[in-house]
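K.L.:
One structure is given below, represented as structure tokens, and several questions about it will come after.
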Amino acid sequence: MLKPFDDSGRELDALYSVEPRPDGFDLILESRGGSDHGPNAARNSAYIPAMELHLSRMGALGMVLQELHVASRVAMKLAEDDRRVSLDRFPLPLPLRTISDVQELRHSIGRASAAFNRTDGSDRGNRTKRMRLRMEWSEAPGMTADAIERILARPIRPVVRTPNEAPTGDPDELQKRVEKATALIRAAGKHGDVPPPAGQTVPQRASGTSSRFVRDPNVIAWVLNEAAGHCEVCGDAAPFLRASGEPYLEVHHVRPLGEGGPDTTDNAAACCPNCHRQLHLDPIRDAIRETLIASVGRLKDFPIVVVQGTALLIGHEE
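Take 591 as the starting number for the sequence shown in the working numbering and just add one per residue.
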């Protein structure tokens with residue numbers, strides 16, 4: 591269980607947890623109770639502002655409130671259908687992005703909580719029961735409960751455009767696109783981790799007087815940013831700075847493109863020039879390669895792809 595932080599960074603006394611589902615997750619908000627002045631200590635005293643905070647953040651992320659369940663100790667003895675409640679002013683499922691008055695939505699949830707299991711038709715009961723909000727979210731499949739909980743715990747950062755530079759086989763143009771992608775990755779990184787680009791599982795070849803592979807500048811930029819100016823083979827700092835001020839490192843495909851390796855971040859490492867040449871020419875390059883894969887967590891050991899009994903060895907690649 592976690593407690594959320596408001597937009598000013600203040601932790602709210604309101605425990606919550608997440609249970610993943612195939613198309614989203616359940617958000618469980620723990621009930622408010624006790625008193626600072628009574629025999630029982632107060633618990634989850636910020637239930638109400640935390641409820642509004644969660645609704646607002648989930649709306650900003652494009653989530654849909656599918657169902658609402660009371661999850662109190664009494665309610666949990668009932669069948670799931672009997673724990674489900676409806677809202678008086680909001681139809682379900684409810685895209686939270688469409689809600690302009692989050693406070694009124696929270697009031698409606700409070701009335702549903704208070705009216706639950708009452709036989710007199712009133713809503714004068716407890717408005718801060720333990721509640722389960724069933725959410726639909728396209729980003730949730732494959733995410734862990736911890737990951738979703740952490741997303742909801744902090745303010746939603748502004749959306750920053752991720753790099754989308756087109757692959758190219760021209761070395762000069764490739765460097766220009768790498769610089770653009772690097773700037774975008776750095777900007778996005780100020781607001782959190784930048785996911786690795788998809789890259790190219792089957793890199794294309796560029797035709798011309800000599801054959802070379804088309805490379806994805808986004809992959810190069812992301813790998814260089816991860817290396818933070820240090821060779822991922824020997825750990826030393828880059829030997830010099832480019833004219834742009836960026837550390838000079840070369841991005842090497844651990845399984846060369848000519849051997850069928852993909853142009854992706856899990857097959858690319860940032861190297862100083864010496865280590866890069868070692869990976870290509872040293873008699874013990876296979877041992878260096880194995881050590882590199884073992885030491886850099888994202889790297890995979892891709893197999894050699896052979897066509898008609900011969901490895902695809904075409905042109906020079908970094």
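Ideal Cβ positions, reconstructed from N, Cα and C, are used throughout, including at glycine.
A quick note: this is a predicted structure, and the numbers were derived from the prediction, not measured.
1. Identify, in the order they occur along the chain, each residue of the same chain with its Cβ nearer than 6 Å to the Cβ of Pro852, setting aside the five sequence neighbours on each side.
2. By the three-class DSSP mapping on this structure, what secondary structure does Leu684 have?
3. Quick one: give me the first and last residue of the beta strand (DSSP E) that Gly649 is part of.
4. Over the uninterrupted beta strand (DSSP E) stretch that includes Ile775, give me the two end residues.
5. Helix, strand or coil for Ser598? Go by DSSP, reduced to three states.
6. Would a C-beta distance cut-off of 7 Å place Pro807 and Leu764 closer than the cut-off?
7. Using CA coordinates, which residue listed in Arg701, Arg717, Glu816, Gly759 is at the minimum distance from Pro787?
8. In angstroms, rounded to a whole number, what distance separates the CA positions of Gln794 and Gly759?
9. Inspect the beta-carbon positions of Ala640 and Ala604 and report whether they are closer than 7 Å.
10. If you draw a straight line from the C-alpha of Pro829 to the C-alpha of His820, how long is it?
11. Just to confirm the assignment: which complete alpha helix (DSSP H) runs, minimum length 4, are found wholly within the stretch 788-871?
12. Among the candidates Leu695, His697, Lys719, whose CA atom is the shortest distance from the CA of Phe706?
13. Among residues of its own chain, excluding the 5 on either side of Val886, which ones have a beta-carbon nearer than 7 Å to its beta-carbon?
14. Quick one: give me the first and last residue of the alpha helix (DSSP H) that Thr700 is part of.
15. Three Cβ pairs or more, each shorter than 8 Å: is that satisfied between the stretch 733-745 and the stretch 675-690?
16. Helix, strand or coil: which one does DSSP assign to Asp616?
17. Please determine, among Asp762, His843, Leu658, the residue with the shortest C-alpha to C-alpha distance to Arg879.
18. List in chain order: all unbroken beta strand (DSSP E) runs of 3+ residues lying wholly within the stretch 714-748.
19. To which residues of the same chain is Cys824 closer than 6 Å at the C-beta, ignoring the five residues directly before and after it?
20. List the whole-angstrom C-beta distance separating Met721 from Ala661, where the pair is believed to meet the contact cut-off of C-beta under 8 Å.
21. Give me the Cβ distance between Glu849 and Val804, rounded to the nearest whole Å; I'm assuming they're in contact under 8 Å.
22. Just curious, the alpha helix (DSSP H) that Arg673 is in, first and last residue?
23. Which same chain residues, not among the five before or five after Met648, have their C-beta less than 6 Å away from its C-beta?
24. Hey, out of Leu723, Ser598, Phe615, Leu619, whose CA is closest to Leu592's CA?
25. How would you call Leu831, buried or exposed, if buried means at least 16 neighbouring beta carbons within 10 angstroms?
26. Between the beta-carbon of Ala771 and the beta-carbon of Glu755, is there less than 7 Å?
27. May I ask you to report which of helix, strand or coil DSSP gives Thr709?
28. Which two residues bound the contiguous alpha helix (DSSP H) that contains Leu882?
29. From Arg802, Gly789, Tyr838, Ala827, pick the residue whose C-alpha is nearest to that of Val809; which is it?
30. Pull up the distance between the alpha-carbon of Ala730 and that of Arg740, whole angstroms please.
P.N.:
On the basis of the coordinates in this document:
1. Thr791
2. strand
3. Premise fails: Gly649 lies in the alpha helix (DSSP H), 637-650, not in any beta strand (DSSP E).
4. Counting along the chain, Ile775 falls outside any beta strand (DSSP E), though it belongs to the alpha helix (DSSP H) covering 761-779.
5. coil
6. yes
7. Glu816
8. 9 Å
9. yes
10. Using only the alpha carbons, I get a separation of about 9 Å.
11. 807-817, 863-871
12. Lys719
13. Glu822, Ala859
14. The sequence shown places Gly at residue 700, rather than the Thr named in the question. Per DSSP, Gly700 belongs to the alpha helix (DSSP H) from 692-705.
15. no
16. strand
17. Nearest option by C-alpha distance: His843.
18. 721-726
19. Cys865
20. 6 Å
21. The pair is not a contact, with the Cβ atoms about 17 Å apart (cut-off 8 Å).
22. 670-673
23. Leu686
24. Leu619
25. A residue is called buried when at least 16 other Cβ atoms come within 10 angstroms of its Cβ; Leu831 does not meet this threshold and is exposed.
26. yes
27. coil
28. Counting along the chain, the alpha helix (DSSP H) containing Leu882 begins and ends at 875-885.
29. Gly789
30. 13 Å
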